[in-house]
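Remarks on the structure that follows.
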């Protein structure tokens with residue numbers, strides 16, 4: 001590479017005695033996009049957190065434009081021209097868009113007071129750059145996930161950084177927003193910035209990157225120009241073995257017995273006239289665009305939100321404004337989309353997390369929990385789901401990679417032996433191999449007589465896994481497809497509505 | 001839709017509604033409660049709690065808490081009174097030194113809290129619970145639990161006012177109210193409070209530091225990642241809270257004229273209640289300086305009202321406790337309800 005901006009030399013890192021990164025050396029060039037790929041836990045985020053100043057490396061060194069670089073904080077990294085757009089949003093919902101963008105660099109007027117007019121003006125021009133048509137004074141809490149993600153990107157633009165890191169930026173973007181983001185990344189490249197782009201979506205990497213680096217188990221296994229690394233080769237390098245299929249074979253095991261039945265369920269402003277039934281052993285896919293009401297429906301089924309019309313029966317029992325506790329008692333489990341905030345206690349041990357929904361069962365007559373039994377029982381599930389970690393009784397959940405965290409959430413619910421599983425985007429943000437394992441778990445659940453409601457925005461995934469697909473659009477069911485009717489075009493048309501063109 | 005927005009409205013203006021209810025209730029029980037002298041007294045007395053509630057707001061906004069403000073105001077007032085009890089200091093320069101010493105004591109007290117929270121990383125609740133006890137103990141040991149008389153040269157400040165109300169009625173009720181309230185509003189403690197409110201309002205809403213306080217209260221981890229020097233901002237918040245307590249303590253003894261061992265005991269509860277009633281959330285990130293003004297006036301109105309209708313003094317703390325409970329309950333309710341009301345509508349029906 002002719003013009004290196006950032007060079008990383010033999011960087012290594014240990015966590016809790018486990019090596020997560022060892023001897024990684026990379027060069028990032030001016031005006032180039034580096035695609036960084038690897039399985040969850042391969043060390044991508046750790047490496048980028050070191051570059052971004054959130055973590056310090058144990059070994060090795062870095063240089064920016066030939067000068068030594070070892071940031072002690074995110075602030076220092078920013079000063080050296082490194083901007084990091086995190087996968088998890090770092091926005092303050094109680095502040096305006098403008099305040100979020102300039103929170104540590106507000107324009108000041110006389111007396112050190114914030115120059116609000118200037119703040120608005122600068123924000124408006126940044127928002128125009130990412131084509132976000134919003135007032136700078138809008139509170140972030142009013143924004144959709146996609147809009148928030150773009151505000152996060154805007155924050156990085158404001159720094160006018162030379163090195164811009166994107167960590168899985170498209171997870172909550174609509175296709176339209178994704179297109180906008182990619183155009184922006186290309187503009188950054190043309191402006192001579194160095195871009196590091198982390199993603200599990202290899203098609204995006206192929207589309208965007210000039211160079212590709214593949215990490216596996218904390219080591220750099222390949223680094224070269226993209227042209228030499230087609231997606232198939234990236235997958236092989238990431239896994240360290242050949243993968244012949246993305247989905248396990250589908251086998252329908254649905255029985256006629258109905259476990260859950262919804263009749264004309266409605267909640268004003270959210271869902272309308274939703275009717276369906278779920279059979280024992282069935283995998284029922286829910287497809288739709290973001291905001292189509294799938295998550296909202298799942299929350300209602302699980303008793304987290306109420307419905308104001310219609311009827312819901314679980315195991316034949318009518319449920320009226322039930323609670324989540326009631327839903328759990330009726331044998332339901334809900335694996336949420338947002339595992340960091342809703343599904344896991346990050347600082348508690350893996351074992352405690354797994355046992356959380358089964359504590360009653362683990363308590364003796366006096367209500368006291370036997371810690372050893374807890375770790376043992378949790379251990380069975382950790383092994384069954386192949387959760388890769390240190391001692392499960394001592395390792396905190398936050399030290400796990402995304403895929404393993406998701407497995408802990410699933411293990412938690414498996415342990416409570418539910419019969420109806422609600423899975424909301426269970427494979428979002430996790431790598432190919434972990435996805436395959438989760439698909440296998442879903443099939444095992446169905447085979448053992450549980451029913452699964454599988455919400456997903458990836459059409460290939462739903463088509464490969466479901467016995468039947470219900471499509472939602474604007475809070476209503478806009479299409480139903482049995483397996484023999486699965487056609488991509490028809491399903492997408494139902495999701496978009498007839499009048500719009502299918503992407 | 002209409003019902004939902006009505007609930008939202010009710011929750012948004014709960015404090016105002018409680019305020020009206022309190023005035024009507026006590027007014028009905030004891031008409032004098034609504035008289036000019038009583039209202040003037042409420043305004044003036046509220047400034048002491050209010051000034052401390054402003055400082056507390058800074059800490060609460062960061063999702064922290066400071067239980068030690070009562071002890072802090074005791075120690076700060078003591079520094080001022082100890083200096084003034086020396087006859088050589090009973091002159092203008094001496095008074096200045098005494099006031100500055102009192103304020104400095106509050107700042108140091110706040111810095112100790114800040115050090116424990118920021119550097120030693122101990123939970124604010126525990127830190128300030130400990131410094132509350134230690135501060136009170138130190139002061140008691142130092143004074144051997146005796147009271148200190150405040151010399152007149154300083155004590156006169158507390159009752160100084162730009163406009164003085166004549167003792168006799170003017171004959172016209174409207175005029176009586178006008179005179180009494182303008183005297184109360186231009187009294188030195190009230191003016192001090194007003195100055196503090198204006199400064200705090202500007203700092204919180206118009207400076208980067210102020211906005212960063214809101215950011216930290218919203219998500220400390222994200223604040224760190226956004227490049228905010230979280231430790232420095234937190235430190236400053238506790239120091240500001242300490243300064244507020246000192247201002248409250250020093251102005252209050254100038255009114256009372258004597259420093260007792262029980263000075264400031266339990267004040268932290270009134271202060272936190274005032275802040276929360278003013279809309280500041282114990283969960284951080286939500287609250288304003290103006291809220292502290294409203295909250296402290298309300299707390300003071302309840303306290304005066306109880307004296308007016310002669311509630312058994314032993315029961316008064318229980319009534320205050322009920323108010324505190326209500327304030328915190330409303331805070332929790334408001335947080336969860338407002339969240340629900342903000343739920344995104346997917347359909348237009």
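Chains as they are written, first to last, in the numbering used here: chain A, 1 to 503; chain B, 1 to 349. In this text, a Cβ means the ideal position worked out from N, Cα and C, and glycines have one as well. Nothing here was measured: the structure is a model prediction, and the numbers come from that model.
Buried or exposed (CB count within 10 angstroms, at least 16 for buried), residue i
{"i": "residue 116 of chain B", "result": "buried"}
{"i": "residue 162 of chain A", "result": "buried"}
{"i": "residue 199 of chain B", "result": "exposed"}
{"i": "residue 62 of chain B", "result": "buried"}
{"i": "residue 473 of chain A", "result": "buried"}
{"i": "residue 501 of chain A", "result": "Since pLDDT at residue 501 of chain A reaches only 41, below the 50 mark, its modelled position is unreliable, and the value read off the structure follows with that caveat. Exposed, by the Cβ-count rule."}
{"i": "residue 329 of chain B", "result": "exposed"}
{"i": "residue 206 of chain B", "result": "buried"}
{"i": "residue 177 of chain A", "result": "buried"}
{"i": "residue 455 of chain A", "result": "buried"}
{"i": "residue 484 of chain A", "result": "exposed"}
{"i": "residue 150 of chain B", "result": "buried"}
{"i": "residue 461 of chain A", "result": "buried"}
{"i": "residue 319 of chain A", "result": "buried"}
{"i": "residue 277 of chain A", "result": "exposed"}
{"i": "residue 314 of chain B", "result": "exposed"}
Residue i CB to nearest heavy atom of the ligand GDP below 6 Å
{"i": "residue 64 of chain B", "result": "You won't find the ligand GDP in this model; it holds no ligand whatsoever."}
CA-to-CA distance, residue j to residue i, given in whole angstroms
{"i": "residue 267 of chain A", "j": "residue 33 of chain A", "result": "46 Å"}
{"i": "residue 41 of chain B", "j": "residue 211 of chain B", "result": "34 Å"}
{"i": "residue 2 of chain B", "j": "residue 12 of chain B", "result": "In this predicted model, residue 2 of chain B has a pLDDT of only 44, less than 50, meaning its place in the structure is not dependable enough to derive any value."}
{"i": "residue 93 of chain A", "j": "residue 122 of chain A", "result": "20 Å"}
{"i": "residue 389 of chain A", "j": "residue 329 of chain A", "result": "30 Å"}
{"i": "residue 3 of chain A", "j": "residue 192 of chain A", "result": "10 Å"}
{"i": "residue 271 of chain A", "j": "residue 263 of chain A", "result": "12 Å"}
{"i": "residue 287 of chain B", "j": "residue 135 of chain A", "result": "23 Å"}
{"i": "residue 54 of chain A", "j": "residue 427 of chain A", "result": "26 Å"}
{"i": "residue 97 of chain A", "j": "residue 139 of chain A", "result": "6 Å"}
{"i": "residue 25 of chain A", "j": "residue 70 of chain A", "result": "15 Å"}
{"i": "residue 23 of chain A", "j": "residue 9 of chain A", "result": "7 Å"}
For residue i, the nearest candidate out of the options (CA to CA)
{"i": "residue 257 of chain B", "options": "B:154, B:300, B:135, B:201", "result": "B:154"}
{"i": "residue 222 of chain A", "options": "A:346, A:207, A:240", "result": "A:240"}
{"i": "residue 181 of chain A", "options": "A:192, A:157, A:200, A:202", "result": "A:157"}
{"i": "residue 281 of chain A", "options": "A:444, A:214, A:131", "result": "A:444"}
{"i": "residue 246 of chain B", "options": "B:72, B:66, B:45", "result": "B:72"}
{"i": "residue 190 of chain B", "options": "B:269, B:259, B:48", "result": "B:48"}
{"i": "residue 80 of chain B", "options": "B:91, B:65, B:105", "result": "B:105"}
{"i": "residue 425 of chain A", "options": "A:353, A:171, A:37", "result": "A:171"}
{"i": "residue 334 of chain A", "options": "A:316, A:292, A:417", "result": "A:417"}
{"i": "residue 250 of chain A", "options": "A:465, A:301, A:151", "result": "A:465"}
{"i": "residue 141 of chain B", "options": "B:75, B:171, B:37", "result": "B:75"}
{"i": "residue 79 of chain A", "options": "A:494, A:58, A:104", "result": "A:104"}
{"i": "residue 32 of chain B", "options": "B:334, B:173, B:298", "result": "B:173"}
{"i": "residue 126 of chain A", "options": "A:109, A:150, A:174, A:326", "result": "A:150"}
{"i": "residue 20 of chain B", "options": "B:170, B:69, B:297, B:60", "result": "B:297"}
{"i": "residue 129 of chain A", "options": "A:451, A:95, A:153, A:108", "result": "A:153"}
{"i": "residue 180 of chain B", "options": "B:164, B:192, B:195, B:193", "result": "B:164"}
{"i": "residue 336 of chain A", "options": "A:296, A:234, A:360, A:75", "result": "A:296"}
{"i": "residue 204 of chain B", "options": "B:108, B:292, B:78, B:69", "result": "B:292"}
Whether residue i touches residue j by CB criterion (7 Å)
{"i": "residue 453 of chain A", "j": "residue 422 of chain A", "result": "yes"}
{"i": "residue 312 of chain A", "j": "residue 420 of chain A", "result": "no"}
{"i": "residue 367 of chain B", "j": "residue 64 of chain B", "result": "The structure shown does not extend to residue 367 of chain B, since chain B is modelled only from 1 to 349, so the question has no answer here."}
{"i": "residue 393 of chain A", "j": "residue 357 of chain A", "result": "no"}
{"i": "residue 300 of chain B", "j": "residue 45 of chain B", "result": "yes"}
{"i": "residue 355 of chain A", "j": "residue 362 of chain A", "result": "yes"}
{"i": "residue 174 of chain A", "j": "residue 346 of chain A", "result": "no"}
{"i": "residue 280 of chain B", "j": "residue 327 of chain B", "result": "no"}
{"i": "residue 15 of chain A", "j": "residue 399 of chain A", "result": "yes"}
{"i": "residue 43 of chain A", "j": "residue 269 of chain A", "result": "no"}
Taking the runs of the beta strand (DSSP E) that are 3 residues or longer, which of them lie wholly in the stretch 238-270 of chain A? The qualifying runs are 258-267.
Where in the stretch 320-383 of chain A do unbroken runs of the beta strand (DSSP E), each at least 3 residues long, occur, reported from the N-terminal end onward? Counting whole runs of 3 or more residues, the stretch 320-383 of chain A contains the beta strand (DSSP E) stretches 332-335.
Secondary structure, beta strand (DSSP E): runs of 3+ residues fully inside the stretch 416-473 of chain A: Secondary structure in the stretch 416-473 of chain A: the beta strand (DSSP E) runs of 3 residues or longer, each lying completely within the stretch, are 420-424, 451-456, 468-473 in chain order.
In chain order, what are the residue ranges of uninterrupted beta strand (DSSP E) at least 3 long that sit wholly in the stretch 156-197 of chain A? With a minimum length of 3 residues, the unbroken runs of beta strand (DSSP E) contained wholly in the stretch 156-197 of chain A fall at 163-167.
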